[in-house]
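So, in structure tokens, the structure goes:
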């Protein structure tokens, strides 16, 4: 482990949540989403693809992305099995694993599309054809399933594949000096290294990281070779290597560019390699990239990637709301990256963004019933504008997608969400996210139970009861979120004065079983302003309370939400509504809108120069993460006009 | 002439403007724009195309649109020659006419592309290949040149072509029952009818109008025939006939849809046929279409067509500002249509829109120096967002375009702008637009001079001196614009009380030479609100004074214009600045913006929940029609945040 690692995450296997926010979502994920996604994979041919029985002319031609969907589903299922054993599910995974294993070629290669559809094109188009990306997701699934069940079958398959990849790629004679157009293999190889202890997988991950963006550009030669063969197949026309974050060596990169999901996975891989190799040269670019995305290119929901056209970043402060892409996978990737940076640095700024993305831009990606998914997570919905939109930018969640990366991505995140709650080190434990449940900490060489009791995110009071095996001295670092301006802390009923430094209030003492810490985070309604350069949000604010960003929905507030003018934050009152949207605190206030009577009727002029009257209206805001769960395909709005 | 015709426009040949607003623009149009456009046509091969010398492999392959550009340039040059004879220009036109004439085929057919490039495809794709559109523009040029010079050469050529078209198209045996995908031929044939008195041209125009959108759809059979031959060439894939306004018979159309320019030209043709044939069944759809576009689909600038994707209409109240297409040609077409409706009805609502489009969305299409043109006229410009945009949506005016419809369109409009000033009938004269100059009215069987003295649009005072040949009784109808809430009227110094009915104040008397009418239109600064369903403009207003819509430019107000919050209209003061942008009244006020200091620095957070401070700033608004004439490629904004 590199010298500057501050923390290790407490794995989700040692975090059992029984809170009203995450526990029901985990149950739905387990009981509905996982079976639903398996069924979708089966129905669409993704499972059977591994039988390698497809022949030209048959339906369900294995697509170049498909293997990755199955890999992610296996990973999600594995996480669930680890905390909630389920024989039926395990048998299902075993069956899939057998199919996957059967698809492996004698040389270790494993890819359904390039085995049965275009075998002659193996490794011919790393820029666009996603082979290493698919390999990475199968590796992640293999590691997760091994760790969940101890079963080595898939792990061994993926080791053989990784060994094959290690033979094909590298700087040795006869090897390809390439890397994947869609990053993922890097972080997956680090997981494989951690699971097996085989250093060569870490070295291979480092090779892919180091090689990226070097001269001469691999993709140029590749594109030329493709052209000679007449094999250009997908959209990338060459030239803009920034799409793949391959425009310069990763250590020289300081701006997040291109495809958002690819960027996130790359940065995760960089952080992993930095951590495992101790390569400190990867940290400065990671810090610069972090500052860039969070200060110039991130939505208030933790969504990233402004444009559907490149599924990625555009230019600084360009954060359109109605056409925001904010792919669910990109926010998932941001959580992954933030989590890694948090372990490396212990700084609250990473936890703040992790929480922002998790509670808002990620969770909005799945319906409360666990059956439907958003690919894009816009910050405003206007039904007429969405008519005829592509499935990945539809204004309603859908059951599945042709390119189905998002549904299993959110499933694996929810199944393992416990790992984001706490971290531990030799002499400290940190609580990053507050959620009711039991955590088993390993700190200062001992086990220590931590029971959290809280209604977070609906309430900022958290009671923590510690039960170390025996009295143990360590620092308990409690995150004071960036949104929290005031907090109170007590130990065993006695107020403790602790400043929040780097986002954490720290209490160092010899903890005894039964010690109780109480933290109360003030959780007023806030109104976020965006930087004036975010031209779309000028004159507007986003309602926020605790980690949750709120929105107005048509169901509560009628049409033409943009015409509503809200009062200052202090006028809003949170009201918990048990029967609404699974139980949420809504925010209510009296507001204004232009008198609909002044503008009623089809013969009304489009423009008028006499100021129209205003009427008082009640507004109700709901958490963004649950929008679109009532009447889908209606208006929604995050950035609200504020009385000035 | 149909029974319900109220007015005839006073032709531009009887209107000599010497005002500070239009006269300089006409001079620049004559002295700079016309020669520049000729040179562009020549340079790009549009002129030489008529030599029919192009062979495969040669540069400058005649494009299917090209003939129309030359036709419009001839028309613009003709209007200029009529009022400002210019031997050099006339010789130039004569040379072009000779080339055009030489390109006519023995059977009368005349189209450069389908003579030399794809002769086998003549009339094969009316939906997309623009032959009748090109024919129409050459006809308009021919009529204008004949009327300007008395020279018949081009008129005769185009008559022969029209006769050929009349043989090819129609309901007789062996004829094609088609119509053009890009309307234009209809209104052109009416002009040809008026110039020649040949009824068959009017009948052919009526045929094209009547046939449009009938069952079975012509374009379906055409598309099938194309497919059989493998000839599909351009973008339209079949199905959406609304692109061409061919989704139903024109008399059943009540919503403006599809390509905006095509729609305008069709409605012009419908109005012309209604007027000349007395076909009253065309008027109800025209009125419905008018109500629809002006009440639901028109920008405050008179721009129309929200989307670059279809160059046309999207859905009701969908009027995005930064991505507004608002093609210059579409606003030109709206002026044409409004002008025709105004003659048919005498109602001020048509003049209001005509004025709105003319002074704003049309004029913005050309630079003050007459050398550069906008194809799209957005209502907001943000440089970073426009980077890499296509030439037709660039944030700076350009010298020319591959598809160069707009530059000669605006040139022909400016050269003939006098025709929009007044109308006349047997017993009335109407003044629609106020501009300093001399008009020769023909009213009640006599000539009457009308001298207008005014600084309009900078000032609302207009002095009108009448000089009838001899004392004559008629009604003088003076337009009271929709934007004007208060006016004062006097005749020979004596106040006259006249209500504005239907947009006009009417004075009936026996006019004598030297009678003087004074009209003072109150011209305060106004703030237009858009209907709340225009979601982009909620919380925002557009500054307007007289007929001019104003905008903020970066040159006067710095960056991030959307963050400026303006005070009510009454706080704005007009200030005439002689040396600015050719002499304009700017609007000035004290306003607010968020303190840049609160947000300075690259390390500034993207979001903050403590309200940022506001600072006072001075704002200066300039007329929209002159934006982008100083430092091009900078920010501009029409809809401004208003303090609420």
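Residue numbers (our numbering), protein chains in the order written: chain A, 145 to 788; chain B, 145 to 788.
Backbone N, C-alpha and C fix where the C-beta goes; we use that ideal spot for every residue, glycine too.
Query: Determine whether the Cβ of residue 459 (chain B) lies closer than 8 Å to any Cβ atom of chain A.; Result: yes
Query: What span of residues does the beta strand (DSSP E) with residue 761 (chain B) cover, start to end?; Result: 758 to 767
Query: Between which two residues does the beta strand (DSSP E) containing residue 429 (chain B) stretch?; Result: Looking at the DSSP string, residue 429 (chain B) is not in any beta strand (DSSP E); the run it does join, the alpha helix (DSSP H), is 427 to 440.
Query: With a cut-off of 8 Å, does the C-beta of residue 687 (chain A) fall near any C-beta of chain B?; Result: no
Query: Since residue 289 (chain A) and residue 237 (chain A) are thought to touch, with beta carbons under 8 Å apart, how far apart are those beta carbons, to the nearest angstrom?; Result: 6 Å
Query: Note down, in chain order, every chain B residue with its Cβ under 9 Å from the Cβ of residue 760 (chain A).; Result: Result: empty, since nearest Cβ-Cβ is about 14 Å, beyond 9 Å.
Query: Check whether the Cβ atoms of residue 613 (chain B) and residue 587 (chain B) sit closer than 8 Å, and answer yes or no.; Result: no
Query: Between which two residues does the beta strand (DSSP E) holding residue 581 (chain A) run?; Result: 581 to 587
Query: Among B:579, B:223, B:217, B:476, whose alpha-carbon lies nearest the alpha-carbon of residue 244 (chain B)?; Result: B:217
Query: For residue 593 (chain A), report the span of its alpha helix (DSSP H) as first-last.; Result: First-last for residue 593 (chain A): 590 to 598, but that is the beta strand (DSSP E), not the alpha helix (DSSP H).
Query: Quick one: any contact between the stretch 744 to 760 of chain B and the stretch 479 to 499 of chain B, if contact means 3 or more CB pairs under 8 Å?; Result: no
Query: List the residues of chain A whose Cβ lies closer than 7 Å to the Cβ of residue 529 (chain B), in chain order.; Result: 462
Query: Please compile the residues from chain A whose C-beta is within a distance smaller than 7 Å of the C-beta of residue 442 (chain B).; Result: 750
Query: Do residue 553 (chain B) and residue 768 (chain B) have their C-beta atoms within less than 8 Å of each other?; Result: no
Query: Buried or exposed for residue 714 (chain A), please, with buried defined as at least 16 other CB atoms from any protein chain shown within 10 angstroms of its CB.; Result: exposed
Query: Any idea if residue 704 (chain A) is buried or exposed, counting beta-carbon neighbours within 10 angstroms, 16 or more meaning buried?; Result: buried
Query: Mind pulling the chain A residues with CB within less than 9 Å of residue 747 (chain B)?; Result: 435, 439
Query: Mapping DSSP to helix, strand and coil, what is residue 199 (chain A)?; Result: coil
Query: Quick one: any contact between the stretch 719 to 727 of chain B and the stretch 591 to 601 of chain A, if contact means 3 or more CB pairs under 8 Å?; Result: no
Query: For residue 547 (chain A), write down the residues that DSSP places opposite it in a beta bridge.; Result: In the DSSP output, where bridge partners are listed per residue, residue 547 (chain A) has none listed.
Query: Excluding the five sequence neighbours on either side, which residues of its own chain have a C-beta within less than 6 Å of the C-beta of residue 646 (chain A), listed in chain order?; Result: 491, 492
Query: Nearest to residue 388 (chain B) by alpha carbon, out of B:589, B:411, B:696, B:580?; Result: B:411
Query: Is there a Cβ of chain B sitting closer than 8 Å to that of residue 540 (chain A), yes or no?; Result: no
Query: Against chain B, which members of the stretch 720 to 738 of chain A pass a CB distance test of less than 7 Å?; Result: 738
Query: Of all the alpha helix (DSSP H) runs that stay within the bounds of the stretch 167 to 254 of chain A, which reach a length of 4 or more residues?; Result: 178 to 187, 210 to 227, 231 to 246
Query: Identify every run of the alpha helix (DSSP H) within the stretch 694 to 752 of chain B, keeping only runs that are complete inside it and at least 4 residues long; order them along the chain.; Result: 698 to 701
Query: Measuring alpha carbon to alpha carbon, tell me which residue in B:744, B:407, B:754, B:711 is nearest residue 764 (chain B).; Result: B:711
Query: Are the Cβ atoms of residue 298 (chain B) and residue 279 (chain B) separated by less than 8 Å?; Result: no
Query: Would you mind stating whether residue 437 (chain A) and residue 693 (chain A) have Cβ atoms separated by less than 8 Å?; Result: no
Query: Please tell me whether residue 384 (chain A) has its Cβ less than 8 Å away from any Cβ of chain B.; Result: no
Query: Between residue 635 (chain A) and residue 624 (chain A), how many whole angstroms is the CB-CB distance? I'm expecting something under 8 Å.; Result: Actually they are not in contact, since the Cβ atoms of residue 635 (chain A) and residue 624 (chain A) sit about 16 Å apart, beyond 8 Å.
Query: Could you give the DSSP three-state label for residue 661 (chain A): helix, strand or coil?; Result: strand
Query: Can you tell me the Cα-Cα spacing of residue 606 (chain B) and residue 150 (chain B), whole angstroms?; Result: 24 Å
Query: Can you grab the Cα-Cα spacing for the pair residue 461 (chain B) / residue 397 (chain B), in whole Å?; Result: 19 Å
Query: Using 10 angstroms around the beta-carbon of residue 671 (chain B), count the other beta-carbons present and answer buried if the total reaches 16, otherwise exposed.; Result: buried
Query: Determine, for residue 229 (chain B), whether the minimum Cβ-Cβ distance to residues of chain A falls below 8 Å.; Result: no
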